[in-house]
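In our numbering, each number is its position in the first sequence, counted from 1, plus 10.
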Amino acid sequence: MKDRVIFHVDVNSAFLSWSAVHALQHGASVDFREIPSVVGGNQATRHGIVLAKSIPSKEYGIKTGEPIIQAKQKCPGLVVVPPDYYCYERCSRAMNEILREYTDKVQIFSIDESFLDMTDTLHLFGNDPVEVATKIKDRIKNELGFTVSIGISDRNKLLAKMASELKKPDAVSTIYHNEIQSKMWPLPIRDLYMVGRATEKKLISMGITTIGDLANMDIEFVKYKLKPAWGTMLWNFSNGIEESPVKPEGSIPYIKGIGNSTTIKFDITEKKDAYKVLLSLTEMVAMRLRSVKYCCSVVSIWIRTNELSGYSHQKKLYVPTDETMKIYKSACRLFDEAWQGEPIRALGIRVSDLCSNDFVQLSLFENYSEKKRKLDRLVDGLRIEYGSHSIYRSCFLHSGFPPVTGGISEENNFVMTSIL
DNA sequence: TCTGGGGTCCTAGGACCC
DNA sequence: TCTGGGGTCCTAGGACCC
Numbered sequence: 011m012k013d014r015v016i017f018h019v020d021v022n023s024a025f026l027s028w029s030a031v032h033a034l035q036h037g038a039s040v041d042f043r044e045i046p047s048v049v050g051g052n053q054a055t056r057h058g059i060v061l062a063k064s065i066p067s068k069e070y071g072i073k074t075g076e077p078i079i080q081a082k083q084k085c086p087g088l089v090v091v092p093p094d095y096y097c098y099e100r101c102s103r104a105m106n107e108i109l110r111e112y113t114d115k116v117q118i119f120s121i122d123e124s125f126l127d128m129t130d131t132l133h134l135f136g137n138d139p140v141e142v143a144t145k146i147k148d149r150i151k152n153e154l155g156f157t158v159s160i161g162i163s164d165r166n167k168l169l170a171k172m173a174s175e176l177k178k179p180d181a182v183s184t185i186y187h188n189e190i191q192s193k194m195w196p197l198p199i200r201d202l203y204m205v206g207r208a209t210e211k212k213l214i215s216m217g218i219t220t221i222g223d224l225a226n227m228d229i230e231f232v233k234y235k236l237k238p239a240w241g242t243m244l245w246n247f248s249n250g251i252e253e254s255p256v257k258p259e260g261s262i263p264y265i266k267g268i269g270n271s272t273t274i275k276f277d278i279t280e281k282k283d284a285y286k287v288l289l290s291l292t293e294m295v296a297m298r299l300r301s302v303k304y305c306c307s308v309v310s311i312w313i314r315t316n317e318l319s320g321y322s323h324q325k326k327l328y329v330p331t332d333e334t335m336k337i338y339k340s341a342c343r344l345f346d347e348a349w350q351g352e353p354i355r356a357l358g359i360r361v362s363d364l365c366s367n368d369f370v371q372l373s374l375f376e377n378y379s380e381k382k383r384k385l386d387r388l389v390d391g392l393r394i395e396y397g398s399h400s401i402y403r404s405c406f407l408h409s410g411f412p413p414v415t416g417g418i419s420e421e422n423n424f425v426m427t428s429i430l
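See the structure below:
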């Protein structure tokens, strides 16, 4: 197999580091990274979970994803910083600009992770991959103020990603193909990419506790136990086998679907309130859909009850659309069909089965479509220019609901896939 | 451990067609 | 007319990741 040079760059405690840097730049006297602190949502609006934590807060046993209240019980002096997604996007963009100076093959994998294919360009910056990665790491630290861990492999993205986990913060590690057995096999099975809680449980019941155990298992047995597709993938991963190329960002983002969801401040029991939240979410979803120049053919809604169980309902449209009101109407119908009447804690909308909006299929009875689409675009323009609250639908006035709802602002760079 | 938000992929069952 | 088989589409739900 031909040797390659793949880097995986991972920002250490990304949200927390970025918030800390931002605060320092604006005159803060403490560095959140050096005290027990977390980035977390607002408890009053029931968004209160830990999104990222500092290293000192780890010593209190605080975990990502746990409720803020619980974290405060573990550490009463805990500092809770609200998330600032605009700031995170700026930091992410700045980092990727630096990375692109080293190769044009940069794959933005998530807001805080990127892959670099350095195979053809490494020699321009040095001979030793570790030395070049160290330069990149130090440059990001000096110029942007936050630290990263870089993983290197001579084979593929999977090994580079596993390598970046080996040591942090502010570190460079390798897993070359001849280091798989010594560095990767002793790790607990849960550390393998794509092994979550459910799969871990299954594997342990099969007597597999380390990555090496899985690697040395009969693949047919693993396929039988975990289903063919999943079993093959994990067995390959445990043996360091993975072949996807580093995919640089094209002009049109590769997206399968777009969704937004929100936990509401109070439990919703009335349909008209649910409709308002659905409209507010649709505004965001449809705007994002138009911004990437797609139409959707499937609309789905998702309901989480106050008992925390969830269910979803979806339907294919006869004609693809990017119109806010069409998506909204469809979402309301789906809601009516699905809702069992329980108090609702959270609602979500998702559009999928995307196609280009280059030409819209004109359906016979819809003369006003073009007008409505122009109006949608006009509103998009105003919101991008003056903020999402600059233009309201009248039904939101004094309603207690925001006119637009959705987590991360602007178009984001989430491109998660199990095949890397 | 009682819970945010944004994604992707896979699978199974039912409907429907030939 | 009470019974085969295969293929595709649609939908719900599970599992996983950051």
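For every residue, glycine included, the Cβ atom is placed at its ideal position computed from N, Cα and C.
From a predicted model like this one, the values you see are computed outputs, not experimental measurements.
The residue among F247, I229, L132, D277 with its C-alpha nearest the C-alpha of I190 is F247. In the three-state scheme derived from DSSP, where H, G and I count as helix and E and B as strand, T129 is classed as coil. At least 8 Å separates the beta-carbon of Y112 from that of I150.
Looking at Y203, N226, E347, the one whose alpha-carbon comes closest to that of Y321 is E347. Cβ neighbours of K63 within its own chain (closer than 7 Å, five residues either side excluded): S23, L26, V48, I72, T74. Cβ neighbours of K82 within its own chain (closer than 7 Å, five residues either side excluded): L88. The beta-carbon separation of L168 and E99, rounded to 27 Å, does not stay under the 8 Å limit for a contact. Annotation for F17: the continuous beta strand (DSSP E) segment containing it runs 16–21.
As computed with DSSP, W312 is found in a beta bridge with S322, G358.
Each of I121, I265, F125, S120 was checked against the Cα of R110, and the nearest Cα belongs to F125.
Rounded to the nearest whole angstrom, the C-alpha separation of S362 and G37 is 44 Å.
At the C-beta level, H57 and T273 come within 8 Å of one another.
Here F231 carries a helix assignment [DSSP, helix/strand/coil]. Leaving aside the five residues that flank V414 on each side, the residues in its chain whose CB is nearer than 8 Å to its CB run, in chain order, S290, E293, M294, M297, R393, S398, H399. With contacts defined by Cβ atoms closer than 8 Å, V19 and E123 form a contacting pair. Within the stretch 23–50, the complete beta strand (DSSP E) runs of at least 3 residues fall at 47–50. Within its own chain, no residue has a Cβ closer than 6 Å to the Cβ of W349 once the five positions on either side in sequence are excluded.
Rounded to the nearest whole angstrom, the CA to CA distance from T334 to D386 is 7 Å. Collapsing the DSSP output to three states places V389 in a helix. Between D228 and I199, the C-beta spacing is not below 8 Å. The Cβ-Cβ distance between I16 and A208 does not fall below 8 Å. Secondary structure remark: continuous beta strand (DSSP E) runs of at least 3 residues inside the stretch 60–95, in chain order: 60–63, 89–91. Residue environment analysis places A30 among the buried positions, since at least 16 neighbouring C-beta atoms fall within 10 angstroms of its C-beta. In this structure, the CA atom of H323 is about 29 Å from the CA atom of Q53. Annotated three-state conformation of P413 is coil, per DSSP. If one requires a minimum length of 4 residues, the alpha helix (DSSP H) runs lying completely within the stretch 149–232 are 167–174, 207–215, 221–225, in chain order. K235 and S319 have their C-alpha atoms spaced approximately 28 Å apart. Counting other Cβ atoms within 10 Å of its Cβ, C305 reaches 16 or more and is therefore classed as buried.
The C-beta distance from A143 to V182 rounds to 5 Å, short enough to meet the 8 Å contact threshold. In its chain, beyond the 5 residues on either side, D164, R165, G250 have a beta carbon closer than 7 Å to the beta carbon of H187.
Of the candidates S174, L154, I78, S174 places its Cα closest to the Cα of I160.
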